[in-house]
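J.: Position one of the sequence shown corresponds to residue 397 (the working numbering), numbered consecutively onward. For every residue, glycine included, the Cβ atom is placed at its ideal position computed from N, Cα and C.
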Amino acid sequence: MKESDNLKEISVVTNILKANDRIAHELRQGFYKSGIFVINIMGSPGAGKTSFLEAIIPYLIDNDLKVGVICGDIATTNDAKRISKNNIPMVQIMTEAFGSSCHLDATMIHTALGQMNLDGLDILFIENVGNLVCPSVFDIGEHARMVVLSVTEGEDKPRKYPNIFQKADCVIVSKVDLLPYLKIDKDEIYKNLRWVNPKNEIIDFSYNDKIYLDKWMSWYKKFIKV
Ligand SMILES: Nc1nc2c(ncn2[C@@H]2O[C@H](COP(=O)(O)OP(=O)(O)OP(=O)(O)O)[C@@H](O)[C@H]2O)c(=O)[nH]1
Ligand SMILES: [Mg+2]
């Protein structure tokens, strides 16, 4: 391959990201005008993204907030089925229709919004495709980024996949109820998260205990005021 071919490839990737960022910027402006706060939830496959949503949605509804969800997966409508029990506006994106993409992008979100009733929504959660790498590169018009990191993934993941944690506003350390059964040092997970990003909020989570939802709510209220 000639050096000039390499350069062409780089410029194509740059153009794709630029086009994505333009659409994401327009989406964010639209959300802002409609008073919808948008949270992009990322994390490894099985980290507990949907479980967090299953816990937080009824809690937010009880707090008089209107919530919508876009779920992203390569295949299946499993997550949508779990979330739909709450009877809220929601859409499942299956990226196999977009070449089995390992992340969501702004065009997919734009398409999904065309199928949703956003009237009166306060919060729109977007559950990204399970992956610790690619979702961090694509702006999807969100106002905040959350990463769900389960304690079963090991202490070193923030250092191995730093980008996603560097760009996060909030990290949920999930499945803490399993700690007594694992050889995992939670302090070490926190230390590694702080090492890659000293600023983001870190909140423990287990679907067994509502106290973690109160902590998330405190972060949310603080964040939307800034
Ligand atoms: N013990 C325990 N298990 C959990 C917790 N949260 C999630 N799990 C389990 O972890 C598994 C994966 O959870 P999901 O919520 O489907 O994970 P996800 O990140 O949405 O997965 P993908 O969408 O496939 O990437 C399920 O079997 C959950 O029951 C938790 O707080 N404690
Ligand atoms: Mg899920």
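Would you say the beta carbon of V465 is closer than 7 Å to some non-hydrogen atom of ligand 1?
T.: As a working mapping, residue 465 is identified with position 69 in the sequence shown. Checking every heavy atom of ligand 1 against the Cβ of V465, none is found closer than 7 Å.
J.: Could you give the DSSP three-state label for Q488: helix, strand or coil?
T.: Counted from its first residue, the sequence shown places residue 488 at position 92. Three-state DSSP puts Q488 in a strand.
J.: How many angstroms separate the CA atom of Y428 from the CA atom of R555?
T.: The residue given as residue 428 occupies position 32 in the sequence shown. The residue given as residue 555 occupies position 159 in the sequence shown. Near 33 Å, if we compare the C-alpha coordinates of R555 and Y428.
J.: Between which residues of its own chain and T446 is the CB-CB distance below 6 Å, once the five residues before and five after are set aside?
T.: For the purposes of this step, residue 446 is identified with residue 50 of the sequence shown, where counting begins at 1. Hits under 6 Å: D475, R478.
J.: Reducing DSSP to helix, strand and coil, say where E638 ends up.
T.: Outside the shown range of the chain, which is 397 to 622, sits residue 638, and nothing can be said about it.
J.: Cutting at 6 Å between CB atoms, please list the residues of its own chain near V463, excluding the five before and the five after it.
T.: As a position in the sequence shown, residue 463 is number 67, starting the count at 1. Excluding sequence neighbours, V463 sits near I453, L456, I484, I519.
J.: Using the rule of at least 16 other Cβ atoms within 10 Å of the residue's Cβ for burial, across every protein chain shown, is E584 buried or exposed?
T.: Locating residue 584 in the sequence shown gives position 188, where the first residue counts as 1. So E584 ends up on the exposed side.
J.: Y603 and A451 look like a contact to me (Cβ under 8 Å); what is the Cβ gap, rounded to whole Å?
T.: On the sequence shown, residue 603 is found 207 positions in, with the first residue counted as 1. On the sequence shown, residue 451 is found 55 positions in, with the first residue counted as 1. Confirmed, about 5 Å.
J.: Please list, in chain order, all residues with a C-beta atom less than 5 Å from at least one heavy atom of ligand 2.
T.: Chain-ordered list of matching residues: K445, T446, D475.
J.: Name the residue from E551, I419, I505, W615 whose alpha carbon lies nearest to the alpha carbon of E523.
T.: Mapped onto the sequence shown, residue 523 falls at position 127. E523 has its Cα closest to that of I505, out of E551, I419, I505, W615.
J.: Does the Cβ of D552 have 16 or more other Cβ atoms within 10 Å, making it buried, or fewer, making it exposed?
T.: Mapped onto the sequence shown, residue 552 falls at position 156. Exposed, since its Cβ has fewer than 16 Cβ neighbours within 10 Å.
J.: Pick helix, strand or coil for M438, following the three-state DSSP scheme.
T.: In the sequence shown, residue 438 corresponds to position 42, counting from 1. The answer is strand: DSSP assigns M438 an E or B state.
J.: Helix, strand or coil for D469, going by three-state DSSP, please let me know.
T.: The count along the sequence shown starts at 1 and reaches residue 469 at position 73. It is a strand residue.
J.: Quick one: residues in its chain with C-beta nearer than 8 Å to the C-beta of N527, no 5 flanking neighbours on either side, listed in chain order?
T.: Counting from 1 along the sequence shown, the entry for residue 527 is found at position 131. Excluding sequence neighbours, N527 sits near M438, S440, P441, C498, H499.
J.: So for E523, helix, strand or coil by DSSP?
T.: Taking the sequence shown and counting its residues from 1, one reaches residue 523 at position 127. DSSP places E523 in strand when its eight states are reduced to three.
J.: Anyone know if the C-beta pair for F619 and V544 falls short of 8 Å?
T.: Residue numbering aside, residue 619 sits at position 223 when the sequence shown is read from its first letter. Residue numbering aside, residue 544 sits at position 148 when the sequence shown is read from its first letter. Cβ distance not < 8 Å, so F619 and V544 don't count as in contact.
J.: Taking the C-alpha atoms as reference points, what is the distance between N513 and C467?
T.: Residue 513 sits at position 117 when you count from the first residue of the sequence shown. Residue 467 sits at position 71 when you count from the first residue of the sequence shown. Approximately 15 Å, taken between the alpha carbons.
J.: For a test of the three-state rule: what should DSSP assign to C530, helix, strand or coil?
T.: Position 134 of the sequence shown, counted from the start, is the residue given in the question as residue 530. Looking at C530 - three-state DSSP - the assignment turns out to be helix.
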